[in-house]
Amino acid sequence: MSATNDEKYMRRALQLARKGMGRTSPNPMVGAVVVRGGRIVGEGYHHRAGEPHAEVLALRMAGEKARGATLYLNLEPCNHFGRTPPCTEAVLKAGVKRVVIGMKDPNPIVAGRGIQRLRRAGVEADVGTLKEACLELNAPFCKYIIRGKPYVTLKAALTLDGKTATRSGDSRWISSEASRNYVHSLRQNADAVLVGIGTVLRDDPLLTARPRGKEVPKQPMRVVVDSRLRIPLRSQLIVTACRYPTLIATTAKSSPFKVRQLEEKKAKVWILPKDPRGKVSLEALMRRLGRQGIVSLLLEGGADLNASALKGRLVDRLLFFLAPKIVGGKKAPGVIGGEGVSRIREAMPVERLKVRRIGLDLVIEGLLWRKE
285 MSATNDEKYM RRALQLARKG MGRTSPNPMV GAVVVRGGRI VGEGYHHRAG EPHAEVLALR
345 MAGEKARGAT LYLNLEPCNH FGRTPPCTEA VLKAGVKRVV IGMKDPNPIV AGRGIQRLRR
405 AGVEADVGTL KEACLELNAP FCKYIIRGKP YVTLKAALTL DGKTATRSGD SRWISSEASR
465 NYVHSLRQNA DAVLVGIGTV LRDDPLLTAR PRGKEVPKQP MRVVVDSRLR IPLRSQLIVT
525 ACRYPTLIAT TAKSSPFKVR QLEEKKAKVW ILPKDPRGKV SLEALMRRLG RQGIVSLLLE
585 GGADLNASAL KGRLVDRLLF FLAPKIVGGK KAPGVIGGEG VSRIREAMPV ERLKVRRIGL
645 DLVIEGLLWR KE
């Protein structure tokens, strides 16, 4: 089959994979397409962890038509027993002649073994079709598997002059209603949402996913960095902790009595190491969140928390909602606090920029790449 057709069917596999967004964690998003005689005879995608994988569903739909067909997958099939049997065995049993794979699985348990198993059995396995698109789709899974930490998206709404609020702290609403609804979809697709105690004290946010007209299968874990446990017991986050997962990250200098009060309200409290400034170590928080299976995290913090996350090299993606407004004022806060760099050449480069419009706002997206 031609490279053009391979890309065509891989795009369809990616389209199917995206249907599992926000539902498959900590598993990757995978789509599968079975093609025979130039026609799609089977399709499937991974719905959620613990349920059948994409290739199994696609092969099941194809039935006998899978024999001698080509299978398209955006991610290498597994070759080990987990919650489900190895997908390579299902592929071989179906009699597939050729498998086109977008990218290798970064998981050391798989890491090319699925491809090797297929080739040893005489199945043609081609790897790398639309590789960059496949990597982008499952970037959170890749980071989680390789580094054991969640993929962090720093989201902020700001004016044309870079302000996130007025000098009095008023920030409702900088972005348009369309942008705010989109942020609710972002929350729905994330495993966790992170803010600092300053945001809680100032805005008393709920931090739940409430996209207009969409089903919400799960709510993200709401995480607050609060080094001295200043969070009010009557805040929306604590009052609703019995309904939505809520975590307060603090340090050993916090009051044990306040810890008990929060836990009685059904909020989880983690006592974590301190950073050099005596605040919660974000590195320690990220590693522990990773151990809890948090793959993707939406950072909706204030200027100080954003600066700390960037300085700690914990942010992977930026998502700025730029509103057509001017606030002005030296005392009006910006997106990033801290001391910043002293020279332009020390500035953190942002790559793969994308710009689009949502409502009245421009949305600027970019990736932070590291030399590691």
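Read in order, the letters of the sequence shown correspond to residues 285 to 656 in the working numbering. Cβ coordinates follow ideal geometry from the N, Cα and C atoms, glycine included.
Nearest-angstrom Cα distance between Arg486 and Arg320?
-> 59 Å
Under the three-state reduction of DSSP, which class applies to Gly650: helix, strand or coil?
-> strand
Give every residue of the same chain whose Cβ lies closer than 8 Å to the Cβ of Leu298, excluding the five residues on either side of it in the sequence, and list them in chain order.
-> Gly315, Asn358, Gly386, Leu414, Ala417, Cys418, Leu421
Quick one: what does DSSP say Asp290 is sitting in, helix, strand or coil?
-> helix
Does DSSP classify Ser580 as helix, strand or coil?
-> strand
Looking at the unbroken beta strand (DSSP E) that takes in Ala493, where does it start and where does it end?
-> Where Ala493 is concerned, there is no enclosing beta strand (DSSP E), given that its DSSP letter is neither H nor E.
With distances taken from CA atoms, which of Met505, Asp488, Ala462, Arg514 is nearest Pro495?
-> Ala462
Should Arg401 go down as buried or exposed, given a rule of 16 or more other Cβ atoms within 10 Å for buried?
-> buried
In three-state terms, what does DSSP make of Lys655?
-> Here Lys655 scores only 44 on pLDDT, less than 50, and its place in the model is too uncertain to base an answer on.
Chain-order list of residues whose beta-carbon lies under 7 Å from that of Met570 (same chain, five-residue window excluded) = Lys433, Pro434, Leu598
Segment limits, beta strand (DSSP E) that includes Leu603 = 601-607
Pick from Phe605, Ala591, Val611: whose alpha carbon is nearest that of Met632?
-> Ala591
Close-in-space but distant-in-sequence residues of the same chain around Glu567 (CB under 6 Å, 5 per side omitted) | Gly596
Please report the Cβ distance between Ala441 and Thr450, rounded to the nearest whole angstrom; I am assuming they are in contact, meaning their Cβ atoms lie under 8 Å.
-> With 8 Å as the limit, Ala441 and Thr450 do not qualify as a contact, their Cβ atoms being about 13 Å apart.
Do the CB positions of Pro504 and Ala474 come within less than 8 Å of each other?
-> yes
Just the C-alpha distance for Ile555 and Gln545, rounded to the nearest angstrom, thanks.
-> 15 Å
Gly643 versus Val411: straight-line alpha-carbon distance, rounded | 39 Å
Provide the residue span of the alpha helix (DSSP H) that contains Thr429, from first to last.
-> Sequence check: residue 429 is Ile here, not Thr. Here the alpha helix (DSSP H) through Ile429 covers 423-431.
When you compare each of Tyr466, Ser469, Gly585 to Leu478 by their alpha carbons, which one comes out closest?
-> Gly585
Between Arg464, Ser565, Gly562, which lies nearest to Leu491 when the distance is taken from Cα to Cα?
-> Arg464
Taking the continuous alpha helix (DSSP H) assigned at Val543, which residues delimit it?
-> 540-548
Pair every Cβ in the stretch 602-617 with every Cβ in the stretch 421-431, then say whether three or more of these pairs are closer than 8 Å.
-> no
Per DSSP, the bridge partner or partners of Ile385 = Leu357, Val411
Could you check which residue in Gly446, Asp510, Gly453, Lys292 has the C-alpha nearest to that of Lys558?
-> Asp510
Is DSSP giving Glu416 helix, strand or coil here?
-> helix
Could you give the distance in angstroms between the alpha-carbon of Arg325 and the alpha-carbon of Ala342?
-> The residue you asked about is not Arg; residue 325 is Val in the sequence shown. Roughly 8 Å separates the two Cα atoms.
For Ile648, which of Ala476, Lys439, Lys292 has the nearest alpha-carbon?
-> Lys439
Do you know whose CA, among Glu630, Glu547, Gly406, lies nearest Thr372's CA?
-> Gly406
Nearest-angstrom Cα distance between Lys638 and Ile458?
-> 21 Å
Taking Ala489 as the reference, which of Arg506, Lys498, Gly497, Ala476 has the closest Cα?
-> The sequence shown places Pro at residue 489, rather than the Ala named in the question. Residue Arg506 is the option with its Cα nearest to Pro489.
Excluding five sequence neighbours on each side, which residues of the same chain lie with their C-beta closer than 6 Å to the C-beta of Ala287?
-> none
Taking Arg382 as the reference, which of Val318, Glu327, Gln472, Arg397 has the closest Cα?
-> Val318
State the CB to CB distance for the pair His330 and Gly304, rounded to an integer number of angstroms; the pair is presumed to be in contact (CB under 8 Å).
-> 5 Å
Where Tyr466 sits in the DSSP three-state scheme | helix
So, helix, strand or coil for Glu635, using DSSP?
-> strand
Nearest-angstrom Cβ-Cβ length linking Gly670 and Pro361, presumed shorter than 8 Å = Because the chain in this structure spans residues 285 to 656, residue 670 falls outside the shown range and cannot be described.
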